[in-house]
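Novice: Residue numbers (the numbering used here): 156 to 506. Built from N, CA and C at the ideal position, the CB exists for glycine as well.
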Ligand SMILES: Cc1cc2nc3c(=O)[nH]c(=O)nc-3n(C[C@H](O)[C@H](O)[C@H](O)COP(=O)(O)O)c2cc1C
């Protein structure tokens with residue numbers, strides 16, 4: 156979870172309890188440079204963060220978004236330098252990867268929202284790297300952050316996670332039998348048990364619940380906003396929206412969103428992390444000179460982490476964030492999700 160929500164402290168705590176602790180590479184060089192008081196690039200930042208997350212052992216992944224064009228390759232190389240166990244690649248089709256991944260002992264896990272996207276990635280990776288994905292994350296319409304659906308499709312029955320899952324599972328089974336991990340709206344232990352024991356998923360990816368932990372890098376204001384939100388506060392916006400052009404789920408109470416709605420946001424897009432489409436449909440870097448009806452995705456998320464107060468923050472959450480009523484430690488949350496101290500059968504056991 157970017158920017159700065161899932162860093163080493165969160166990933167390390169999750170991995171210690173047997174989960175896949177996942178670091179976000181978004182803006183990592185900016186955050187690590189400030190933390191260590193020395194300017195580092197995306198490669199060094201990823202290596203430092205991964206090595207720190209691995210200190211108690213366990214399985215560490217890094218989430219790298221294709222849309223983060225400037226740092227994509229160097230984040231991959233740095234994560235490999237740091238000994239990362241898996242690369243989780245989303246926000247675009249990761250059809251090309253650096254040559255080095257061919258020989259690195261690292262699992263390659265794309266995030267998709269359709270079987271079509273999985274087929275494209277699968278074919279290209281076989282051609283280029285002589286290997287299929289090692290697993291795939293299927294992210295459905297209830298997830299937080301950028302969504303791989305149009306606004307209209309988000310509401311359709313055919314795009315519910317339960318309906319997207321069967322063709323993806325079938326394709327993965329027939330083409331190397333790699334695990335399918337589902338994401339978006341998974342909240343309770345019962346959801347995990349249902350997905351793994353009844354619906355046939357091999358794992359789940361959870362965002363919102365871990366954003367609302369003590370170890371998460373979300374600012375206190377962000378955590379408070381999650382605690383206080385109601386279902387009607389959670390919206391998907393595209394106008395104003397993310398400059399990436401993908402619908403984005405957020406709390407409509409987010410100060411940065413309210414400013415963008417009133418067109419009161421001074422353009423300060425100076426980070427250049429992401430690409431946006433210009434009037435001719437070409438991808439360009441956001442610039443402070445642009446007059447832009449979207450919200451800035453880089454500075455507002457840096458604010459949500461507490462890195463800067465240059466721009467008012469925007470808080471992204473999954474659709475079920477209104478269920479959060481307490482900020483837990485990762486240990487408490489993992490106890491709840493694993494059913495520690497419960498006699499009910501857990502995920503992966505035959506019920
Ligand atoms: C605060 C937050 C930040 C997120 N940032 C990213 C990100 O940087 N890259 C990404 O691929 N997904 C991101 N996501 C999506 C999550 O990785 C996850 O797939 C999704 O939120 C799962 O749904 P849930 O929040 O209902 O558990 C983010 C989600 C949240 C809540």
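Buried or exposed: where does residue 505 fall if 16 or more other Cβ atoms within 10 Å of its Cβ makes it buried?
Specialist: As a working note, residue 505 is residue 350 in the chain shown. Unreliable placement is indicated for residue 505, whose pLDDT of 46 sits below 50; the coordinate value is still reported in the next sentence. Result: exposed.
Novice: Identify the continuous alpha helix (DSSP H) that holds residue 165 and give its terminal residues.
Specialist: Here residue 165 refers to the residue found at position 10 of the chain shown. That run of the alpha helix (DSSP H) goes 163-171.
Novice: Spatial neighbours of residue 487 within its chain, please: CB distance less than 7 Å, with the 5 preceding and 5 following residues excluded, ordered by chain position.
Specialist: In the chain shown, counting from the first residue as 1, residue 487 sits at position 332. Same-chain partners within the cutoff: there are none.
Novice: Given a threshold of 16 other Cβ atoms within 10 Å of its Cβ, counted over all protein chains shown, does residue 366 qualify as buried or as exposed?
Specialist: As a position in the chain shown, residue 366 is number 211, starting the count at 1. Looking at its Cβ environment, which holds 16 or more other Cβ atoms inside 10 Å, residue 366 is buried.
Novice: State buried or exposed for residue 204, treating a residue as buried only when at least 16 other CB atoms are found within 10 Å of its CB.
Specialist: Stepping through the chain shown from its first residue, residue 204 is reached at position 49. Under this definition residue 204 is a buried residue.
Novice: Can we say the segment 479-493 touches the segment 353-367, given the rule of at least three CB pairs closer than 8 Å?
Specialist: With a cut-off of 8 Å, the segment 353-367 and the segment 479-493 count as touching, because enough Cβ pairs lie within range.
Novice: Check whether the segment 390-398 touches the segment 366-377, taking contact to mean three or more Cβ pairs, one atom from each stretch, closer than 8 Å.
Specialist: Taking 8 Å as the limit for Cβ pairs, the verdict is that the segment 366-377 does not touch the segment 390-398.
Novice: What are the boundary residues of the beta strand (DSSP E) that residue 404 is part of?
Specialist: In the chain shown, the residue the question calls residue 404 occupies position 249. Start and end: 403-406.
Novice: Is the beta carbon of residue 202 sitting closer than 9 Å to the one on residue 237?
Specialist: As a working mapping, residue 202 is identified with position 47 in the chain shown. As a working mapping, residue 237 is identified with position 82 in the chain shown. Yes, they are a contact pair.
Novice: Spell out the partners DSSP gives residue 294 in its beta bridges.
Specialist: Numbered from its first residue, the chain shown carries residue 294 at position 139. Partner(s): 338.
Novice: Which residues share a DSSP beta bridge with residue 482?
Specialist: To locate residue 482, count along the chain shown from 1; it is residue 327. According to DSSP, residue 482 bridges with nothing at all.
Novice: Check whether the segment 238-245 and the segment 207-227 touch, using three or more Cβ-Cβ pairs below 8 Å as the test.
Specialist: Taking 8 Å as the limit for Cβ pairs, the verdict is that the segment 207-227 does touch the segment 238-245.
Novice: Within 10 angstroms of its Cβ, does residue 404 collect 16 or more other Cβ (buried), or is it exposed?
Specialist: Against the chain shown, residue 404 aligns to sequence position 249. Classification of residue 404: buried, given that the 10 Å Cβ count is 16 or more.
Novice: Looking only at its own chain, which residues have a Cβ that is under 6 Å from the Cβ of residue 385, when we skip the five neighbours before and after it?
Specialist: Along the chain shown, one-based indexing puts residue 385 at 230. Excluding sequence neighbours, residue 385 sits near 477.
Novice: Can you tell me whether residue 301 is helix, strand or coil according to DSSP?
Specialist: Position 146 of the chain shown, counting from 1, holds the residue named residue 301. Residue state, collapsed to three classes: strand.
Novice: Are residue 254 and residue 233 close, meaning C-beta to C-beta below 9 Å?
Specialist: Mapped onto the chain shown, residue 254 falls at position 99. Mapped onto the chain shown, residue 233 falls at position 78. No; because the gap between Cβ atoms is not below 9 Å, this pair is not in contact.
Novice: Within 8 Å, do at least three Cβ pairs link the segment 328-345 to the segment 274-289?
Specialist: At 8 Å Cβ cutoff, the stretches touch.
Novice: Could you check where the beta strand (DSSP E) with residue 214 kicks off and where it finishes?
Specialist: As a first step, residue 214 is located in the chain shown; it is residue number 59 there, counting from the start. Taken as a continuous stretch (DSSP letters only), the beta strand (DSSP E) holding residue 214 covers 214-220.
Novice: For residue 184, which residues in the same chain have their Cβ closer than 7 Å to its Cβ, ignoring the five residues on either side in sequence?
Specialist: Residue mapping note: residue 184 aligns to position 29 of the chain shown, counting from 1. Contacts found: 195, 196, 197, 200, 226.
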